[in-house]
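Undergrad: Quick mapping for you: the protein sequence lines, in order, are chains W and L.
Residue numbering for the first sequence follows numbering that gives the first Met the number 0, starting at 0 and increasing by one per position.
Residue numbering for the second sequence follows numbering that gives the first Met the number 0, starting at 0 and increasing by one per position.
From the three backbone atoms N, C-alpha and C, an ideal C-beta is built for every residue, glycine too.
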Amino acid sequence: MIRAALKSLLGRKVRLLLSTFAIVLGVAFVVGTLVFTDTLNRSFTSLFDATVGDVVVQPEGGATPGGISSTRTVPASLVETLARVPGAARADGQIVTDGVYVIDDKGKPIGGFGPPSLGVNWSDAPAGNGLVGLTIIDGREPRGPGEVVLDEKTAEKAGYDVGDTVPITTADRTANLEPTLVGIAGFPEGGSLNGATSASFETSVAQDLFHDGLDEFDTIWVTRKDGVSQDELRAEVEKVLPDGYEAVTGDQSAKDQADDLLEAISFLTIFLLIFAGISLVVGTYIIVNTFSILVAQRSRELALLRALGASKRQVQRSVQLEALVLGFLGATVGIGLGVVLAIGLRALFGVIGLDLSDQALVYRPRTFGAAYVVGIVVTMVAAWFPARRTSRIAPVQAMRDDIALPEESMRRRFVLGLALALVGGVSLAVGLGDLVDIGGGGYFTGGGILAILLGVTAMSPVLSAPLLSAARAGLARLFGPIGNLAGQNSLRNPRRTTATASALMIGLTLACAMAIIGASAKASVDKSVEDSFTGDFVVSSVFQGSFSSSIAARVAEVDGVDEVLRQRSGFAEHDGGFAIILATDPPSLARLGVDFVSGGAADLERGTVLVSRSMAAGDGLEVGDPYEIDVPKGTVTWKVAGVFEDNALLSQGLVTDIRTYEDAGYKKQDSLLVVYADDGADPATLQDRLDDVLADQPTVTAKDQAAFAADQRKNIDTFVLIIYALLGLALVIAVLGIVNTLALSVIERTREVGLLRAIGVTRTQLRRMITLESIVIAVLGAVLGVVLGTGFGVALMYAVRDEGLEVISVPSGQLVLFLVLAVLIGVVAAILPARRAARLDVLTAIATD
Amino acid sequence: MSTSAPAATTVAARVVGLTKTYGKGEAGVRALDDVSVDLYAGEFTAVMGPSGSGKSTLMHVLAALDRPTSGEVWIGDRSIGALKDKELTLLRREEVGFVFQSFNLVPTLSAEENIVLPLAISGRKPDPEWFDSVIATVGLRDRLSHKPNELSGGQQQRVAVARALVSRPRIVFADEPTGNLDSRSGAEVLDLLRAAVDDHQQTVVMVTHDPVAAAYTDRVVFLADGRVVEELRDPDRDAVLAVMARMSARAEETGR
């Protein structure tokens, strides 16, 4: 029995290859994601290992997510005290500031997105556990103002050698520096900054630049003597520390930092795994379909096995064994492809700025386990249904000529599908709406969408019948008898046609929903920019970060500028999640034309906060309520002073005044300037002047309303494009599903093909017939997908309408494009099966039974 | 061999020195060995012979389904030896009708759609009068909208005959048309073919190994080992059986 199953596998190599492809892609996504995440993990752990001391002394408490730029510091006097601790070999003050951009010789900043651009004080302190940190590999250390040391990769990318003048911009008081490069630092024992840039200055220079000249540090590293452990040293240090400071071991600190960072990018892992899931769901459809067709075609063979004495169970097992082998093969190939994918991801992130090229890929046994479990389980579950059906094959059917495999009734299937879709609809409504206030809305939404998709798939043979009949009539009219034959073929086995179409449906459903979300988001951005953009220009950082507060003064002096309003923003934590605080002056809120639901700008005093309408609704806040938030200084409680209408310039939703913001421990750096022009000033001339003033700050730009809106739209476009690229994979799987079904159908209809050729159907006509059938399948999938996707998209947008995305836009042009794409997909998918049919030898084909 | 041709009849199809071998060298099989036959227009011809005699191969080559290894094949006044696949397809469409042993109808199409399919794929419409007369002859008027799986074997084969006749081909080839039918249905199909010859001067060539079927024809050509060995005019069942007996005796003599 096992031999028979394996032989039959080998006899169907091409079909196997096609149906395995879905498994391969799904597993590849899982493996690629896991390998890449593990690699990322290892690389950050090793990065942070090399950038902490044995014991790190820092200000106590306080959340600084991504927040190196805090005003919480450690006094320099503490360095002496710590150096005298018995177990300490030495103690070194450390300064680390973000937003220090090295400008290359073409005027472009190095890095920027993702990894930080660091300004540090030069220190030869060894990193924790005696690791050698950044070490001078060329030139010498910086000695005094006007000297800088760059890390090797940054110097290389920027094209600077020792002796060159290096333009640097900072987000601190001194916005522009032009020091001389006196040395280049690297990791002689291996290591990498993962794409971060590092500019090192002499300690007093760094204090001048980043701490307003105060003799203080961000942290102090204490290095242990031989024979003293990190924990012992930490305990000793703890004893001498004054209140308000804490000591953590380097191991702990590195782990904490790595964990924080990985948590911040965990959305990426989830994101990629979602697409792995989509590939696998689509793949399941194709496997179910392929196995159904194979079992149907082989029913005579299986009946023969039964006639020869094989039990029902043995026949069923033989099909499941095929699935097992297939799943195993698919997973194995998928692992290989997954590694390639991980390499691709690493390269992709390198382009964005997260340079992991020095980090070998990390393969954990868990990755391979997951790959095989996913591959084999999915295949076997998918094959279970067709395998179960074999038990209805009676031995006597081996003797009959034409046997039809008994199928489960369409009605039962329809009812089941309808029930599933209804459950999905309820789940979706619960997930999206505020019907029931429960957690896990995302799971309800996702589960609901999946249930609806599966339900529609189950119903589709019935649902599609009128569509397929209409298609047949249309094709008969357009293409005559060849069109009629193609239409009839698609109607011949509606289950098969619709199952094949469903694979495409899923991809297009998601693409359509995405198109609507993207278009709606863009429309909302446009609307809210239009509604709330009151100034003439906006000055902001191209990296969405902060910039030097000196810029505002510079801009204010430009001829033709009436007034400059400044905004600051910083990360905080609220209720376990990220929050962004925006700080501005109360008078500027009036000028921005912010509308208040309750309270007002005048109520914004020290220690109070304004929240947007959507945020107030989300958190159930009213004027006078306390608002607890973790800021660099620690946990603080502000009073809600007002609720304002959602506003594009205050999109963070949380506004406080500048003093409250500085009290919280944030640096004096601006994140956005709203520029008002003098009456009658020529916008183009003013733009030129602003550009001139900002010329030496390539990370900061001035934009008018159109450019600002375009900028916001560009981000959405990029995001939608990335999603499309990932959904493209689901489409590829769907195309292969169509190829597979058509190829199997051609084999099944060999005799008929022979007959048609015998009575005068030309090869071209035959190819056209198969292509038309393929287009029918693809368009059916696309129509179902577009309808469902539009429904999902509109539902999603409706659910979030009061969270700043109030415009629902259906990009009909794009949806039509999807349908055109479906026709193309149909044509492409038909190429190979059509060629195969056209090449059949007429005589042999007729003789086939 | 074709000397017994009645005067004033034209030739509908002809093979001259036809040889067909499968495979090459030692392993090669000579299915047809220097066969020359004329098939006359307006005649019902049977091709008979034991299995392996080459009768099916002869029909396939004549019907432009297969190519000769050497020799000439004419359909009407066209030599088809040099035609390309596309031209052969068009030739089949225009000049040839088929009836197969296993009916070979398109399962998705109704009886009527099956019948007009050869005309439809070449973009022609059936002559309504002729279509009516064909339908009347095959007696399927009340079954035209049925799908093949709703018809009996005999009815399916009658649909196949109607399909072969409706385009008024120069020649209809029938490959064991009664092979899968009971004797009554078989007789109906043979009557149909006979009527087509008698009433409409349709040329019909039928491959069969059934002496009863052969008795319906005007002429029987006997093949053995890829050669034409005997020929009968206006055969009856007994005459056919006699020739067959003679042939098998000869075969035993030569040590087969």
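Have a look at the DSSP bridge pairing and note the partners of Trp121/W.
TA: Paired residues: none, contrary to the question.
Undergrad: Note down the Cα distance separating Tyr442/W from Gly430/W, rounded to an integer number of angstroms.
TA: Whole-angstrom Cα-Cα distance: 7 Å.
Undergrad: Mind pulling the chain W residues with CB within less than 7 Å of Asp65/L?
TA: Here the neighbours are Leu842.
Undergrad: Given Ala238/L, which residues of its chain have a CB within under 7 Å of its CB, disregarding the five upstream and five downstream residues?
TA: Excluding sequence neighbours, Ala238/L sits near Leu231.
Undergrad: With a threshold of 7 Å, establish whether the CB of Val541/W neighbours any heavy atom of the ligand SAM.
TA: Looking at this structure, you won't find the ligand SAM or any other ligand, since it has none at all.
Undergrad: How about Glu201/W and Glu146/W: are their beta carbons less than 8 Å apart?
TA: Going by C-beta atoms, Glu201/W is nearer than 8 Å to Glu146/W.
Undergrad: Please confirm if Glu747/W has its CB atom under 8 Å from at least one CB of chain L.
TA: So, not an interface residue.
Undergrad: Take Phe384/W and list the residues in its own chain whose beta-carbon comes closer than 7 Å to its own, dropping the five residues that flank it on each side.
TA: For Phe384/W, where only same-chain residues beyond five positions count, the Cβ hits under 7 Å are Val287.
Undergrad: Which residues of chain W have a Cβ atom closer than 8 Å to the Cβ of Leu89/L, listed in chain order?
TA: Per Cβ cutoff of 8 Å: Gly759, Thr761.
Undergrad: Which residues in the same chain have their Cβ closer than 6 Å to the Cβ of Thr9/L, if we skip the five residues on either side of it in sequence?
TA: Here the set comprises Ala40.
Undergrad: Does the beta carbon of Phe130/L come closer than 8 Å to any beta carbon on chain W?
TA: Phe130/L does not count as touching chain W.
Undergrad: What does the alpha-carbon distance come out to for the pair Val36/L and Glu229/L?
TA: Roughly 12 Å between the two C-alpha positions.
Undergrad: In terms of alpha-carbon separation, which member of Ile135/W, Leu355/W, Val54/W lies closest to Ala253/W?
TA: Checking every option, the nearest Cα to that of Ala253/W belongs to Val54/W.
Undergrad: 8 Å is my cut-off, CB to CB: does Asn488/W come that close to chain L?
TA: By this cut-off, Asn488/W is an interface position.
Undergrad: Roughly how many angstroms separate the alpha carbons of Ile67/W and Ser597/W, rounded to a whole number?
TA: The predicted position of Ile67/W is uncertain, since its pLDDT is 44 and thus under 50; a value taken from the coordinates is nonetheless stated next. Each residue's alpha carbon lies about 35 Å from the other.
Undergrad: Where does Asn175/W fall in DSSP's three states?
TA: Note: Asn175/W maps to strand in three-state DSSP.
Undergrad: Look up Asp174/L in the DSSP assignment and give the residues it is bridged to.
TA: Per DSSP, Val206/L.
Undergrad: If I follow the unbroken beta strand (DSSP E) through Val654/W, where does it start and stop?
TA: It spans 653-656 - the beta strand (DSSP E) in which Val654/W sits, taken as one unbroken run.
Undergrad: Which runs of the alpha helix (DSSP H) at least 4 residues long sit entirely within the region 226-305 of chain W? Give them in chain order.
TA: If we require 4 residues or more, the alpha helix (DSSP H) runs fully inside the region 226-305 of chain W come out as 229-239, 249-263, 265-296.
Undergrad: Of all the CB atoms in chain W, is at least one closer than 8 Å to the CB of Gly22/L?
TA: Closer than 8 Å: no.
Undergrad: Quick one: Cα of Gly759/W to Cα of Lys54/L, how far?
TA: Using only the alpha carbons, I get a separation of about 22 Å.
Undergrad: Closest Cβ-Cβ distance between Arg835/W and chain L: below 8 Å?
TA: With 8 Å as the cut-off, Arg835/W does not count as an interface residue toward chain L.
Undergrad: Quick check on the DSSP output: the beta strand (DSSP E) that includes Leu672/W runs from which residue to which?
TA: First-last of the beta strand (DSSP E) with Leu672/W: 671-676.
Undergrad: Does the pairing of the region 131-146 of chain L with the region 86-94 of chain L give three or more beta-carbon distances under 8 Å?
TA: No contact exists between the region 131-146 of chain L and the region 86-94 of chain L.
Undergrad: Could you pull out every residue in the same chain whose Cβ sits closer than 6 Å to the Cβ of Gly337/W, ignoring the five residues on either side in sequence?
TA: Hits under 6 Å: Ala27, Val30, Gly31.
Undergrad: Check whether chain B comes within 8 Å of Val206/L, counting only Cβ atoms and requiring the distance to be less than that.
TA: Chain labels in this structure do not include chain B; the protein chains are W and L.
Undergrad: Grab the span of the alpha helix (DSSP H) containing Gly753/W for me, first residue to last.
TA: Note, Gly753/W: alpha helix (DSSP H), 749-757.
Undergrad: Applying the criterion that 16 or more other CB atoms from any shown protein chain within 10 Å of the CB defines a buried residue, is Tyr21/L buried or exposed?
TA: Result: exposed.
Undergrad: Mapping DSSP to helix, strand and coil, what is Thr169/W?
TA: Correct three-state label for Thr169/W: coil.
Undergrad: Taking Pro480/W as the query, report the chain L residues whose CB atoms sit under 7 Å from its CB, ordered along the chain.
TA: Within 7 Å Cβ-Cβ: Leu116, Ala119, Ile120.
Undergrad: Hey, how far is the Cα of Thr177/L from the Cα of Gly51/L?
TA: Each residue's Cα considered, the two are about 19 Å apart.
Undergrad: Tell me whether Arg411/W is buried or exposed, calling it buried when 16 or more other Cβ atoms sit within 10 Å of its Cβ.
TA: So Arg411/W ends up on the exposed side.
Undergrad: With H, G and I counted as helix, E and B as strand and the rest as coil, what does DSSP make of Ala82/W?
TA: Looking at Ala82/W - three-state DSSP - the assignment turns out to be helix.
Undergrad: For Gln566/W, write down the residues that DSSP places opposite it in a beta bridge.
TA: The partner list for Gln566/W (beta bridge, DSSP) reads Leu671/W.
Undergrad: Give me the Cα-Cα distance between Leu434/W and Tyr723/W, rounded to the nearest whole angstrom.
TA: At Leu434/W the pLDDT is 49, less than 50, meaning the model places this residue with poor confidence; the figure from the coordinates comes in the next sentence. So the alpha carbons of these two residues sit roughly 32 Å apart.
Undergrad: Excluding sequence positions up to five away, which residues of its chain have a Cβ less than 6 Å from the Cβ of Gly65/W?
TA: Because the pLDDT of Gly65/W is 45, which lies under 50, any placement of that residue in the model is unreliable, and the number read from its coordinates should be weighed accordingly. Cβ neighbours of Gly65/W beyond the five flanking positions: Phe570.
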